[in-house]
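Below: the structure, in structure tokens.
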Amino acid sequence: MSESSVQTAVEGRPSAGGALAQEMEAAAERRDSTRNLKALSTLWPILRAHRAETFIACLLMVATSAATLGMSGAVRLLVEHLTSDRSGASVDPWFWLLGAVAVALGLFTALRYYWVTRLGERIVADLRKSVYGHILTLDPAFFIATRTGEVLSRLTTDIQIIENLLATSASIFLRNTLILIGALILMLLVSPKLTLLVLLIIPVVVVPLFLFARPLRNLTTATQDEFARAVGHAGETLDALETVQAFGREGAATQRFGAAVERSFRTSLRRMAARAVMTAAAIVLVFGGVVAVFWLGVHAGQRGELTWGALFQFAFLSVFAASAVGALGEMWGDVQKAAGAMERIAELLSARPGIARPAAPQALAGRGEVRFEEVVFAYPGREATPALDGFTLTVAPGERVALVGPSGAGKSTVFRLLLRFYDPISGVVRIDGVDLRQADPRDIRAQAALVAQDSPLFSGSAADNIAFGREGAGTDDVRAAARAAQAEAFIAGLPEGFETPLGERAKGLSGGQRQRLAIARALVRQAPILLLDEATSALDAENEKLVQEALDEAMRGRTTLVIAHRLATVLKADRIVVMDGGRVVETGSHAELIARGGLYARLAALQFTEGRD
Ligand SMILES: Nc1ncnc2c1ncn2[C@@H]1O[C@H](COP(=O)(O)OP(=O)(O)OP(=O)(O)O)[C@@H](O)[C@H]1O
Ligand SMILES: [Mg+2]
Numbered sequence: 025m026s027e028s029s030v031q032t033a034v035e036g037r038p039s040a041g042g043a044l045a046q047e048m049e050a051a052a053e054r055r056d057s058t059r060n061l062k063a064l065s066t067l068w069p070i071l072r073a074h075r076a077e078t079f080i081a082c083l084l085m086v087a088t089s090a091a092t093l094g095m096s097g098a099v100r101l102l103v104e105h106l107t108s109d110r111s112g113a114s115v116d117p118w119f120w121l122l123g124a125v126a127v128a129l130g131l132f133t134a135l136r137y138y139w140v141t142r143l144g145e146r147i148v149a150d151l152r153k154s155v156y157g158h159i160l161t162l163d164p165a166f167f168i169a170t171r172t173g174e175v176l177s178r179l180t181t182d183i184q185i186i187e188n189l190l191a192t193s194a195s196i197f198l199r200n201t202l203i204l205i206g207a208l209i210l211m212l213l214v215s216p217k218l219t220l221l222v223l224l225i226i227p228v229v230v231v232p233l234f235l236f237a238r239p240l241r242n243l244t245t246a247t248q249d250e251f252a253r254a255v256g257h258a259g260e261t262l263d264a265l266e267t268v269q270a271f272g273r274e275g276a277a278t279q280r281f282g283a284a285v286e287r288s289f290r291t292s293l294r295r296m297a298a299r300a301v302m303t304a305a306a307i308v309l310v311f312g313g314v315v316a317v318f319w320l321g322v323h324a325g326q327r328g329e330l331t332w333g334a335l336f337q338f339a340f341l342s343v344f345a346a347s348a349v350g351a352l353g354e355m356w357g358d359v360q361k362a363a364g365a366m367e368r369i370a371e372l373l374s375a376r377p378g379i380a381r382p383a384a385p386q387a388l389a390g391r392g393e394v395r396f397e398e399v400v401f402a403y404p405g406r407e408a409t410p411a412l413d414g415f416t417l418t419v420a421p422g423e424r425v426a427l428v429g430p431s432g433a434g435k436s437t438v439f440r441l442l443l444r445f446y447d448p449i450s451g452v453v454r455i456d457g458v459d460l461r462q463a464d465p466r467d468i469r470a471q472a473a474l475v476a477q478d479s480p481l482f483s484g485s486a487a488d489n490i491a492f493g494r495e496g497a498g499t500d501d502v503r504a505a506a507r508a509a510q511a512e513a514f515i516a517g518l519p520e521g522f523e524t525p526l527g528e529r530a531k532g533l534s535g536g537q538r539q540r541l542a543i544a545r546a547l548v549r550q551a552p553i554l555l556l557d558e559a560t561s562a563l564d565a566e567n568e569k570l571v572q573e574a575l576d577e578a579m580r581g582r583t584t585l586v587i588a589h590r591l592a593t594v595l596k597a598d599r600i601v602v603m604d605g606g607r608v609v610e611t612g613s614h615a616e617l618i619a620r621g622g623l624y625a626r627l628a629a630l631q632f633t634e635g636r637d
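Heads up, the sequence shown is in the working numbering, so the first residue is 25 and it goes up one at a time.
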């Protein structure tokens, strides 16, 4: 049981922080454990990277275990001195020895605690960084298969579980294993016969306790569930207190809550009773075992088979061994839980992006020529309904092409393939004549600047958000981009200008301002290909004009693919490509397409937001 749950059990009523801790703990409770401890070996490479710290931690672990066991030796020497012929001589030196062993034990324990915890925290910090870094390299297909929530809980809850293991449990586990092994070896040396008897007694003591512990644990969760339900009812009632009072249902609500509390009380009682019985059984079994061993030992001593000192040492050692076994038993569940957590993290770490850098990537010329050749593509899990179905399009360097089509036609998908977030099922996507499958994804993305449909911004200042577009963008670049994107004026009007924090997802800006900021971010990238996914949301006349000017500036001298929802944008394109059902159905200029009276003419009549300039 962790500290926080003990705390809530004592206080009876969790605070908000306590409730959160309880929630996280409940989440940890629900994470599966595994019997396959091999997963923990994933930690080896990280341990090896911290060889020196690991060595020191192990050394200190051995030192504390040795000091603990050394206690028994000091006791033996003391008793042997008392029972020998020289018992008249001063016993003080032996007490000095005992004291020295105690001081050594305390010192080593403190050092061990520091080093082991430090190592654990170091490993967890490394693990966090490497898992997060790895997640960012995965492609969207991975996130379709694994929910973001699951990925997040692996990054938080599972790593937390491992942190618990490494910072505390692992040390307890290893130390007790060492003590158990050391104690057993010493016991064998002191008296092989008694040791064998102890080994026979241990299962008799331990097995019943283990068998008993499981139902007790189930009862504990049952109690927590009961209480959670009662609190849930109470919360519901309090939220709707006016309704409850208006209908005069206070009595019923009190009764309902009372009944839940009573049920929870009864489960608690059952748990307390079980716990009481278990404690009694534990005391009887453990002390019974100790007394039995002692009885055998004293008889052996009386027969002169071993000295009284040796008997004392043996008694000490068997207490050490017994408590080590107990600690190991308690620890076992934690270790399995951590192994389960490690399994899930290892799975995450071993996930390979489906879109990878080829062994010998071809360089892209940077001209900005785009070609789709008979591209067929379906999203993972949607194989039956391809999003692109024989899509063919060539865009010359510097050309402006408007993509138009009904919702779900596959327009945004064209961009995703061009950025190589996915590979086509058949057909080829080329930039500057190079098949994208032969190119490094980083290189491909360096060719393009994207203004996405919802253009997400990040918390941070306006300048940070623009500089995000290109690594190493300086203040001048940022200002120039902001000016070109018609964003300079409104940014200057913010309380701290370019350094104004925008808050989470830049909620402090209007839609049009966010769009212009996103355009500035794309401009700072200075890439030969510009991909614009226009937002459908209508802008007011002022903003519309400004965004339009920003776009004109952005498109200058670049190959531009723009998914157009505004007539003004469509009119500025060199060519309009009309998409439906994942393929091109019409191409031409605005006038030609209107004259044809096809899908475009219908869409134009219905859908375009009129340009107001
Ligand atoms: N992540 C995804 N997983 C599965 N299917 C998807 C995914 N994204 C899009 N689709 C499907 O692919 C098809 C094309 O989607 P796409 O986003 O390219 O449409 P769009 O033309 O951009 O539409 P809109 O104008 O509404 O943005 C749609 O049928 C859509 O349901
Ligand atoms: Mg779209």
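Note that CB positions come from ideal geometry on N, CA and C, so glycine has one too.
Use the C-beta contact count for residue i: other C-beta atoms within 10 angstroms, 16 or more gives buried, fewer gives exposed.
i, result
"Asn200", "buried"
"Glu35", "Bear in mind that the predicted position of Glu35 carries a pLDDT of just 35, short of 50, making it too unreliable to give a figure here."
"Phe132", "buried"
"Thr583", "buried"
"Trp120", "exposed"
"Ile307", "exposed"
"Glu558", "buried"
"Thr92", "buried"
"Glu393", "buried"
"Gln9", "The requested residue 9 is not part of the displayed model; the chain covers only 25 to 637."
"Asp478", "exposed"
"Pro69", "exposed"
"Ser65", "exposed"
"Ile455", "buried"
Rounded to the nearest angstrom, how far is the Cβ of residue i from that of residue j, given a contact under 8 Å?
i, j, result
"Val645", "Gly493", "The question about residue 645 has no answer here: the residues shown for the chain are numbered 25 through 637."
"Leu23", "Leu585", "This structure cannot speak to residue 23, because the chain is shown only from 25 to 637."
"Leu243", "Arg295", "4 Å"
"Glu77", "Arg142", "7 Å"
"Tyr624", "Ala165", "Not confirmed; about 33 Å, so no contact."
"Val99", "Gln337", "6 Å"
"Arg238", "Ala284", "Contact flag wrong, Cβ pair sits at about 26 Å."
"Ile379", "Asp163", "5 Å"
"Ala463", "Leu388", "6 Å"
"Val400", "Val453", "Actually they do not touch by this definition, with Cβ atoms about 11 Å apart."
"Ile369", "Ile183", "7 Å"
For residue i, name the three-state secondary structure that DSSP assigns.
i, result
"Arg607", "strand"
"Thr172", "helix"
"Ser28", "Caution is warranted here: a pLDDT of 38 is assigned to Ser28, below 50, making its placement in the model unreliable, and no coordinate value can be reported."
"Ile455", "strand"
"Glu329", "coil"
"Glu423", "coil"
"Ala384", "coil"
"Ser450", "strand"
"Leu412", "strand"
"Ala375", "coil"
"Leu417", "strand"
"Phe632", "coil"
"Ala304", "helix"
"Phe271", "coil"
"Gly612", "strand"
"Glu393", "coil"
"Ala473", "strand"
"Thr485", "A small correction: the amino acid at residue 485 is Ser; Thr does not occupy that position in the sequence shown. Strand at Ser485."
"Phe445", "coil"
"Pro164", "helix"
"Val314", "helix"
"Phe281", "helix"
"Pro525", "strand"
"Glu512", "helix"
"Arg407", "According to the sequence as given, residue 407 is Glu; it is not Arg. Correct three-state label for Glu407: coil."
"Glu495", "coil"
"Glu520", "coil"
| Taking only runs of the beta strand (DSSP E) that begin and end inside the region 528 to 602, which ones reach a length of at least 3 residues, in chain order? | Restricting attention to beta strand (DSSP E) runs no shorter than 3 residues, the region 528 to 602 encloses them at 553 to 557 and 583 to 587, ordered along the chain.
| message | Please enumerate, following chain order, all residues with a beta carbon closer than 7 Å to at least one heavy atom belonging to ligand 2. | response | Taking each Cβ in turn, the ones that pass are Lys435, Ser436, Gln477, Asp557 and Ile587.
| task | Identify every run of the alpha helix (DSSP H) within the region 51 to 110, keeping only runs that are complete inside it and at least 4 residues long; order them along the chain. | result | You should have 68 to 73 and 75 to 107.
| query | Unbroken alpha helix (DSSP H) runs of length 4 or more, entirely within the region 186 to 231: which are they? | reply | Listed in chain order, the complete alpha helix (DSSP H) runs (minimum 4 residues) inside the region 186 to 231 are 194 to 214.
| query | Can you list, in chain order, the stretches of the alpha helix (DSSP H) that have 4 or more residues and sit fully within the region 124 to 156? | reply | Counting whole runs of 4 or more residues, the region 124 to 156 contains no alpha helix (DSSP H) stretch at all.
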